[in-house]
Structure formats: structure tokens, C-alpha cells
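Asker: There's a structure below that I have some questions on.
Residue numbers (this note's numbering): -3 to 325.
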């Protein structure tokens, strides 16, 4: 193992997805980085404007996601796209690149694939919330959307709630359900391919929704489906969870209020409450909120602060291990 010696401003590091995977950055490593980022946010040391974007087609997006975490020395931007139709080309729904900058000089330190980062940090943010809101002995989890995020969240949540024994999954694609079952059952968990969203959600202590984000959503999850003590993590904006759920639960958290309101102004979250709490405050409080008679909703939009915290940790490990491709600036 040879540590890289990069000449700042004249060389940068490129990390492909395969090179990132070779760093063996664990789910716990990702969660630690994400938790640290939320603590930075709670302390007021994060600059993160709402993500501007373009829409090449009605249900597709390409977003710019910049962030600066002063206390961690992390700065940069993720340029990420989500195209639901990519499956027909054999391509992932989410693709993109991340640029990590030196906060002292502004020069680029690294360019890296962002599909791995997006997958893992999104699931880690769910785990951060579940650690503080879900009952400790929950045994059944429901996942709506059996794609990459469905599998990543199943993996992240079984680690923070090892009591989980069964996962009910719903997805309109039988291929996606089969892939989900094949992977998740290999971890020793029982997988039930539910015939409907309601069948999946009923009796689940944790519900994760991760369907594609669409311009004209048709949400289906209703409050009467949710049992006491249940935590719902909505990762797909308003695609799956109805506003009625938000009004019926005993507490609602969002990962960032400014971005939540930004998307409300751009047509999402019609009918959703205007009163809620932020996840960063929950993390910094140190007070878990789980209760057997209370139901909670977490709306995680996905934040650039998570990306930059994880990217910086990956960059440092790559330099230390001598992994990556050195390019001239």
C-alpha cells in the first residue's frame, strides 16, 4: 500500500465506482459520516442552498447539489441525475459525478462517481432517523420500491435494528422483487413479496418508501394502514405517502426544512403540514423518541451535506491506501 502524494492545484484524484468499492467503506462508516454531518448542520456550520436542477423529461431530473461543512473542511458539489426510464437501457436510475474541493483554495481535490455515495448515504440517513425513532425490538419492516434504494435501506436498517426478522416488499416489477428477495434472503432474513402496498405495510414497525420520484404522484399509503409504534421513512418525496399520513402521525421530521419548502413551492408536497421538526435537531438532542403508542414520519429528500461528508472520508481513505487515478488539473 503506497500513500498518494497529490500536488494540490496541479493534480486531482479520480475515483470510479469500482475504486470506491475497493475502499471497503462500511455501512457503519457511512452512517458515522452522515451523523457527523447532521451535527454540523445543527451547530449552524453548514452552507447548503436548495438544489437547482433541470428536467429533460417530466419525471427525470438533473440536480446540482453544493455544500460546505465548515467544521469538517468538506466542500464540493454533486451533479446527479434520476431517470426512471434507464432500466430499458440497462442503466441505473441514479447516475452522476461528485467534485470535492479544497475549502482553503477552491481547487478541485477529487472527482468521483456518485452512484455508490448516493445509494449508501441515503440509506444511512434513514438509519440515523430509525435509531432515534423506531422501537428497539421491531421485527417486521416494509419496503415499497425494490430497487437499489430498497436493498440499501434493508441492509442499513438491519444493522441498527438487528431484531428485524422479516421484510415485506412491494414493487410493480416482479424482476425487482425477485432481485430484492434473492439478495436480502441471503442475509438470513425472510422476505415476503406483498401483493399490494397495504399488504406490505400492515403490521410493519418500519416502513420505507423509495419509489421513483415523479412530477404527478399518486400516493397510496394511508394512516389507517400504520400500526402504533410505526416509523415511516419517505425517501421518494410525495410519490407514495399521502398527506393524510403526515397529518395523522404524532411527529414529523424532514432532513432540511429549507429544501422541503423549496420543493413545496415547485409543486411537491401539496397538502402536507407546514409544521415539522428537522432531523439535525433530533440527532443533536440525544433524546430518542421511540414509543409503542406513537407513529412518526420522516421525509428525507437527500442532502448534499451527506454527500460531502462521505466523499471527504472516501477521499482521505483513498489517498491513504493509494487507490484511485491521479489526473492533471
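Cβ atoms here follow ideal geometry from the backbone N, Cα and C, with glycine treated the same way.
At what residues does the alpha helix (DSSP H) containing residue 34 begin and finish?
Answerer: Segment 23 to 38, the alpha helix (DSSP H) holding residue 34.
Asker: If residue 4 and residue 144 are in contact, beta carbons under 8 Å, what's the gap, nearest whole angstrom?
Answerer: The pair is not a contact, with the Cβ atoms about 34 Å apart (cut-off 8 Å).
Asker: Bridge partners of residue 41, per DSSP?
Answerer: For residue 41, which the question treats as bridged, DSSP gives no partner whatsoever.
Asker: Taking the alpha carbon of residue 184 as the point to measure from, which residue in 235, 151 and 194 has its own alpha carbon closest?
Answerer: The option with the nearest alpha carbon to residue 184 is 151.
Asker: Reducing DSSP to helix, strand and coil, say where residue 57 ends up.
Answerer: DSSP places residue 57 in strand when its eight states are reduced to three.
Asker: Along the alpha helix (DSSP H) that carries residue 280, what are the first and last residues, could you check?
Answerer: Run containing residue 280: 275 to 281, per the alpha helix (DSSP H) assignment.
Asker: Bridge partners of residue 221, per DSSP?
Answerer: BP columns for residue 221 are empty, so no partner.
Asker: Taking 8 Å as the threshold, find out whether the segment 164 to 171 comes into contact with the segment 118 to 125 through three or more Cβ pairs.
Answerer: Counting Cβ pairs under 8 Å, fewer than three are found: no touch.
Asker: Going by beta carbon distance, what residues of the same chain come within less than 7 Å of residue 316, once the five residues before and after it are set aside?
Answerer: The residues are -1.
Asker: Let's see if you can read the secondary structure: which residues bound the beta strand (DSSP E) around residue 186?
Answerer: Start and end: 186 to 189.
Asker: Since residue 104 is in the beta strand (DSSP E), which residue starts that stretch and which ends it?
Answerer: 104 to 109 is the span of the beta strand (DSSP E), which, as asked, contains residue 104.
Asker: With a CB to CB cut of under 7 Å and the five nearest residues on each side skipped, what residues in its chain are close to residue 192?
Answerer: Closer than 7 Å at Cβ, skipping near neighbours: 166.
Asker: Does the Cβ of residue 323 have 16 or more other Cβ atoms within 10 Å, making it buried, or fewer, making it exposed?
Answerer: Exposed, by the Cβ-count rule.
Asker: Evaluate the contact criterion for the segment 56 to 75 versus the segment 302 to 314: three or more CB pairs, one atom per stretch, below 8 Å.
Answerer: With the cut-off at 8 Å, the segment 56 to 75 and the segment 302 to 314 touch.
Asker: Rounded C-beta distance between residue 330 and residue 208? I'm assuming under 8 Å.
Answerer: Past the edges of the chain, shown from -3 to 325, lies residue 330, and the structure says nothing about it.
Asker: For residue 25, collect the residues of the same chain with a Cβ closer than 8 Å to its Cβ; drop the 5 residues on either side in sequence, then sort them by chain order.
Answerer: Taken in chain order, the residues that qualify are 309.
Asker: Where do the ends of the alpha helix (DSSP H) carrying residue 72 lie?
Answerer: It is not in any alpha helix (DSSP H) - residue 72 instead sits in the beta strand (DSSP E) that spans 70 to 78.
Asker: Counting beta carbon pairs with one atom in the segment 218 to 234 and one in the segment 274 to 284, are three or more of them shorter than 8 Å?
Answerer: With the cut-off at 8 Å, the segment 274 to 284 and the segment 218 to 234 do not touch.
Asker: From residue 70 to residue 249, what does the alpha carbon distance come to, in whole angstroms?
Answerer: In a straight line, the C-alpha of residue 70 is about 25 Å away from that of residue 249.
Asker: Which one of 138, 109, 112 and 157 has the shortest CA to CA distance from residue 132?
Answerer: If we check each option's Cα against that of residue 132, 157 comes out closest.
Asker: Taking only three categories from DSSP, how would you classify residue 139?
Answerer: Reduced to three states, the DSSP call for residue 139 is strand.
Asker: Suppose only complete runs of 3+ residues qualify. What are the beta strand (DSSP E) ranges in the segment 222 to 310, listed by chain order?
Answerer: Listed in chain order, the complete beta strand (DSSP E) runs (minimum 3 residues) inside the segment 222 to 310 are 227 to 230, 247 to 250 and 292 to 295.
Asker: Quick one: residues in its chain with C-beta nearer than 6 Å to the C-beta of residue 219, no 5 flanking neighbours on either side, listed in chain order?
Answerer: Correct list, in chain order: 240, 241 and 244.
Asker: Who are residue 204's beta bridge partners in DSSP?
Answerer: Per DSSP, 139 and 229.
Asker: Between residue 149 and residue 182, what straight-line distance do the alpha-carbon atoms span, to the nearest angstrom?
Answerer: When rounded, the distance between both Cα atoms is 15 Å.
Asker: Which whole-angstrom value is the C-beta distance of residue 31 and residue 112, which I expect to be below 8 Å?
Answerer: Residue 31 to residue 112, Cβ: 19 Å. No contact.
Asker: Sort 65, 246, 36 and 205 by Cα distance to residue 225 and report the nearest one.
Answerer: Ranking the options by Cα distance to residue 225, first place goes to 246.
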